Structures are given as structure tokens and as C-alpha cells.
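Colleague:
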Amino acid sequence: MPGLFGTVSLRSDHTAWDGERVPAGASGTVVEILKDGEAYVVDIAEPFDTVATVRATELDVVVDNG
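Okay, so the sequence shown: first residue is 667 according to the numbering used here, each after it adds one.
(1) Here's the rule: buried if 16 or more other CB atoms are within 10 angstroms of the residue's CB, otherwise exposed. What is residue 672?
(2) For residue 712, which of helix, strand or coil comes out of DSSP?
(3) Counting Cβ pairs closer than 8 Å, one from the region 697 to 706 and one from the region 678 to 687, do we hit at least three?
(4) How many whole angstroms separate the CB atoms of residue 690 and residue 677, which I take to be in contact at a CB cut-off of 8 Å?
(5) Is it right to say residue 674 is buried, meaning 16 or more other beta carbons lie within 10 angstroms of its own, or is it exposed?
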């Protein structure tokens, strides 16, 4: 799974902290690793700027900076 500051994309639609619907394929940067990698806080950059907590099983690693 991704390391801190790794780039990831969402496998499915997800709800961000602000309630926005983030579509599958959206990409972002891991800014926090939760519960030994069970979930990640992701700063979503595309298609718009927001933050979401996402389970590891719902992410694809694009670039692993860990």
C-alpha cells in the first residue's frame, strides 16, 4: 500500500469530509496513514481539491513514496 505522500487514485466513488461526491479515478496524495495502513487520509487534487478518509481496499497506488 502507499507510503506517506504517495499518489493514489480511488477505485470507486467516495464521500469527502465536506460531503462532496468524489468520483472513481480521482487522484490525490496520502497525508496520513491510519490504523497501520487500514485507511488513509487523502488530499484529493483532481477533479477538485478536497480531503477524504479512504480504506486501503478502495485505493490504487499510482506512485509509492514510502
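Ideal placement from N, C-alpha and C gives every residue a C-beta, glycine not left out. None of these values were measured; they are calculated from a predicted model.
Modeller: Inspection of the coordinates gives the following:
(1) With 16 or more other CB atoms across the displayed protein chains lying within 10 angstroms of its CB, residue 672 is buried.
(2) Note: residue 712 maps to strand in three-state DSSP.
(3) Three or more beta-carbon pairs separated by less than 8 Å are not found between the region 697 to 706 and the region 678 to 687, which leaves the two stretches without contact.
(4) Right, their Cβ atoms sit about 6 Å apart.
(5) Looking at its Cβ environment, which holds 16 or more other Cβ atoms inside 10 Å, residue 674 is buried.
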